[in-house]
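Student:
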Amino acid sequence: MCRFVAVISRRDIPLKEYMELLKHQAREGKRGPHKDGFGFWILSKRGEHHYRSTLPAWEFVGDLPSGHVAFLHARKKGLTGAPVDISNVHPFIRNGYVFMHNGAVNVKRHPKSIGTTDTESFFLTLLDMGLDKGLKHIVENFSFMSLNFVMWDGKNVIALHQAKRMMNYFTIFMKKEDDKIIISTEGDESWDEVKNGEMIIIHPNLSFETRCIFPDMCR
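Position one of the sequence shown corresponds to residue 8 (the numbering used here), numbered consecutively onward.
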């Protein structure tokens, strides 16, 4: 039950406008406020920057470092009831992968989880089994409202829109500009909505491909 924004660019760019976009969604977006923590991960020529806080996103007053890949996330603790705690704030990072999620999935708690969110166990299951096999395992064995996520695999940004309920809330939008692509949980008529069941894989040169992991779910 969250809001997120992801950016991938050919070069390091200022990220203030995307932080403002996240703040707006967190405070005034659908089913807000999303006030139970905020975090970001940014990749720049100078290295990686990872920050997490239990405060709402709109209370963040610092400047983000410039970067060419950025994940920004505002959390709203959902039906799983995981408490407001720094260990439960997205994005999660393991083994060079970065992950943030908007949804709810009744996945079995992973033994290597540090926090108590369904998201972290979902992420670790995908890392253990691989993306396609892990998603198939989750869908076939656990109930879920939404699996919507954005992931960095060390080279590409991968976004999945897969939801079963609250379809007007569990959305993903994409906007392609000359030197960057933006992924967001909310967008207006200038954005393209990612269809339910679609996975978008965005490469460093900003080319992208669309896949349907489960053909019977794509629509």
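Even for Gly, the Cβ is constructed at its ideal location relative to N, Cα and C.
If you draw a straight line from the alpha carbon of N148 to that of K140, how long is it in whole angstroms?
Tutor: 12 Å
Student: Following the continuous beta strand (DSSP E) through V164, name the residue where it begins and the one where it ends.
Tutor: 164-167
Student: So I15 and I188 are in contact, right, with Cβ under 8 Å, and what is the actual spacing, rounded?
Tutor: Contact between I15 and I188 holds, with the beta-carbon distance rounding to 5 Å and staying under 8 Å.
Student: Measure the Cβ-Cβ separation of M206 and I165 and say whether it is below 9 Å.
Tutor: yes
Student: State the Cα-Cα distance for the pair N175 and N109, rounded to the nearest angstrom.
Tutor: 13 Å
Student: Do A33 and A64 have their C-beta atoms within less than 9 Å of each other?
Tutor: yes
Student: What residue range is occupied by the uninterrupted alpha helix (DSSP H) comprising F130?
Tutor: 125-136
Student: What are the partner residues of P191, as DSSP defines its beta bridges?
Tutor: The sequence shown places Ser at residue 191, not Pro. DSSP lists V12, F180 as partners of S191.
Student: Identify, in the order they occur along the chain, each residue of the same chain with its Cβ nearer than 6 Å to the Cβ of W48, setting aside the five sequence neighbours on each side.
Tutor: H57, F78, P98, V105
Student: Would you mind sorting G46 into buried or exposed? The rule is 16 or more other CB atoms within 10 Å of its CB.
Tutor: buried
Student: Which class does G74 belong to by DSSP, given the choice of helix, strand or coil?
Tutor: strand
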